[in-house]
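For what it's worth, my numbering labels the leading residue of the sequence shown as 1277, then goes sequentially.
Ideal Cβ placement from N, Cα and C applies to all residues, glycine included.
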Amino acid sequence: MSGRIPEAFIQELLNRVDIADLIGGRVSLKRAGAEFNACGPFHDEKTPSFTVSPTKQFYHCFGCGAHGTAISFLMEYDGLDFVEAIEDLAGLCGLEVPREGNDAPVSSTRSQAADSAAVIALQERASRYYQQQLRHHPDAPRVVAYLKQRGVSGITAATFRIGFAPAGWNNLIDAFGHEQENALVTAGLAIRRDKGGCYDRFRDRLMFPILDTRGRTVGFGGRSLGDDTPKYLNSPETAAFHKGRELYGLHPALQRDRHPRRVVVVEGYMDVIALAQAGIPCPVATLGTAPTNEHLQRLFRVTDQIVFCFDGDAAGRRAAERAMEIALAMLRDGRRVEFAFLPEGEDPDTRVRNGGGTTFERFLDEAIPLSEFLFNRLLDQTDLYSLDGRARLVELARPYLIRVPPGALRELLLARTADLTQLPADQVRRIITASGNRAVGMSTQTKMPVRQEANPSARTPVPSPVITRALRLLLTEPRCADAIQDDTDLDIIDLPGADLLREAVQFFRGHPDATTAMLLEKFRGRPEAAILAEIAHQKPGGVDDSIRHSAPLADAIVINDEFRDLVSVMRRLAERQRRRALLSRKSVNSLTEKEKLELRGLRRETIQ
């Protein structure tokens, strides 16, 4: 759906949602003063280190460092993307998500939202119909026998909502009514005839509902049970279904474990079902497409390890190369991408049915790390026994290494390249970096977009201690912003982080009912967001939580007074610095008339 979600709507949403109620519905919270505590929901622990602040509308886990707002929690815990989290919260509040932007007016995006909802409602109804046919249609015994022959149990079939589309041109249309023909075509469930009328898209096929992260049916995959081609047929793209975004099997897997140790990416519906039935955690499949950025972003929200399990033939290797190219730019320290290749003639379905889940787990444990797969591929294309061959290796490695984010992994890949080429590591780094800086657009050899390095000078400086203290007080008690009666009190402050403090004060003054969470969402995607989040989970110090809970008004007065005092201290410090700067001129006569007046004013204030 096009169009940007207005910031004002996001702020309104956060104002209506109580983060303690939201998280409490998923995690067992216990009150501790003004906050709630629990064991971290994102990792295993025995001692509670997870805190939720209703006042700040913010959560923080001291065990793993996870933190954020209600939106962030849904993204982390439920594995949603940003827009999906917004839509979920809006649904809880009974609100419709508006859109803005030149490419789609609000009325248009509301229509798109209605179209998507209508498609999903029809897909859900179709899913129930196909499941009923699997139980009651005269041909059902033949289909059930096929499932049993493939080793699929009744419980597994129910878990994955497997159904049956009977043979015939109009079964679904007849069941839904011919007045629904246009809606069925829009949902991809029927196809319009050139000479008028419609017919069912799926006929005599085993039906696999494709669920989004909220468990709603958004499309189908159908396996032919007769001679129809193709053998597997997917729903077309609709308002609710995008192949490059959805992953088959992800929703049922996350119902078993919200944050699995690893995710196994395979190629087929039956592969996913067979692995899940054998107890393999979190098997998923792309929907007839190569893995996309959105696929990997979604998976890295729920795990730090992805294993791609492909056939060992040429097609499987090509699929692995495409997955590697996508994954490189998403690698961070701690994330792992690996590849497991099956012998020719085997697929995950047959392998796990013949060997069992434990044997398959051992097979996955021996998967090849991405770095090893990358260098094996590069070495197949060059000759290390010649100078030209070693130079070619650097050139071949360049478009891959430049895409890896800075960190330990990138340094290790550079060191491996240096070792293979017998060049000093610093020289390899200079070659890679220089080549990356010259690269524009797409790499001519790999057709991969070249990763643009962030400008270090654009990074936000770490706030000074006094600014950090002021921000901590402000995030604890946003109404501190009202203590600033004169904007010049902040304008003259010239300390690291002063711009951040000024913007935070202006935000809270412009939004009297805003919480800490609202400020953090305003900064989402900006470098300052990490700084604010780090400060937000810290207590102001010197304030007892039990006092804050029992006498919040008195506590707010204390915090307001200290904040006002800090601003005064910073203002006086800035005035002294300015006075010294003016006095450091070679002579007073070198000052402008305006600067002379300013200096006289600063002298009087210093005497006072």
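Give the C-beta separation of residue i and residue j to the nearest angstrom, bearing in mind that I take them to be a contact with Cβ-Cβ under 8 Å.
i	j	result
residue 1552	residue 1432	7 Å
residue 1334	residue 1813	7 Å
residue 1571	residue 1562	6 Å
residue 1357	residue 1574	7 Å
residue 1477	residue 1464	7 Å
residue 1771	residue 1743	5 Å
residue 1607	residue 1675	Their Cβ separation, rounded to whole angstroms, is 15 Å, which puts residue 1607 and residue 1675 out of contact at 8 Å.
residue 1314	residue 1303	5 Å
residue 1365	residue 1346	6 Å
residue 1776	residue 1804	5 Å
residue 1449	residue 1455	Going by Cβ atoms, the distance from residue 1449 to residue 1455 rounds to 10 Å, so no, they are not a contact pair.
residue 1547	residue 1624	4 Å
residue 1394	residue 1459	7 Å
Would you tell me roughly how many angstroms separate the C-alpha atoms of residue i and residue j, rounded to the nearest one?
i	j	result
residue 1704	residue 1655	17 Å
residue 1849	residue 1785	24 Å
residue 1420	residue 1410	7 Å
residue 1481	residue 1507	9 Å
residue 1726	residue 1352	Since pLDDT at residue 1726 reaches only 34, below the 50 mark, its modelled position is unreliable, and no value is offered.
residue 1413	residue 1509	21 Å
residue 1526	residue 1424	23 Å
residue 1504	residue 1630	29 Å
residue 1683	residue 1483	45 Å
residue 1281	residue 1628	45 Å
residue 1730	residue 1610	Bear in mind that a pLDDT of 37 at residue 1730, under 50, signals an unreliable position, so the model cannot answer this.
residue 1369	residue 1687	47 Å
residue 1291	residue 1794	8 Å
residue 1266	residue 1289	Residue coverage of the chain in this structure runs from 1277 to 1884, which leaves residue 1266 outside it and unanswerable.
residue 1493	residue 1397	8 Å
residue 1426	residue 1632	14 Å
residue 1522	residue 1439	19 Å
residue 1620	residue 1588	6 Å
residue 1715	residue 1605	Note on residue 1715: pLDDT 40, under 50, position unreliable in the model; no value is reported.
residue 1781	residue 1374	28 Å
residue 1658	residue 1564	32 Å
residue 1283	residue 1801	13 Å
residue 1550	residue 1428	7 Å
residue 1569	residue 1462	27 Å
residue 1679	residue 1700	21 Å
residue 1738	residue 1487	43 Å
Alpha carbons only, please: which of the options is nearest the one belonging to residue i?
i	options	result
residue 1833	1750, 1810, 1625, 1783	1750
residue 1340	1524, 1510, 1323	1323
residue 1797	1304, 1429, 1348	1348
residue 1789	1756, 1772, 1805, 1807	1756
residue 1331	1581, 1450, 1297, 1598	1297
residue 1329	1753, 1807, 1845	1753
residue 1338	1350, 1320, 1344, 1316	1316
residue 1931	1673, 1683, 1682, 1710	There is simply no residue 1931 to check, as the chain begins at 1277 and stops at 1884 in what is shown.
residue 1320	1354, 1537, 1513	1537
residue 1811	1318, 1343, 1412	1343
residue 1437	1781, 1565, 1496, 1772	1496
residue 1612	1645, 1597, 1598	1645
residue 1670	1649, 1692, 1682	1692
residue 1840	1605, 1747, 1370	1747
residue 1443	1395, 1499, 1397	1499
residue 1445	1456, 1804, 1662, 1473	1473
residue 1559	1546, 1539, 1544	1539
residue 1685	1668, 1407, 1662, 1648	1648
residue 1635	1706, 1702, 1601, 1556	1556
residue 1301	1441, 1759, 1354, 1679	1354
residue 1641	1485, 1697, 1581	1581
residue 1403	1430, 1434, 1515	1434
Tell me the DSSP bridge mates of residue i?
i	result
residue 1466	1476
residue 1560	1541
residue 1524	1561
residue 1885	No answer is possible for residue 1885: the residues shown for the chain start at 1277 and end at 1884.
residue 1510	1497
residue 1280	1376
residue 1587	1618
residue 1645	1614
residue 1487	1493
residue 1441	1481
residue 1760	Per DSSP, none; premise fails for residue 1760.
residue 1581	1612
Legend entry - 3-residue-minimum beta strand (DSSP E) runs that sit fully inside the region 1299 to 1371, ordered along the chain: 1306 to 1308, 1311 to 1314, 1326 to 1329, 1334 to 1337
Legend entry - Uninterrupted beta strand (DSSP E) stretches inside the region 1657 to 1681 (no shorter than 3 residues): none
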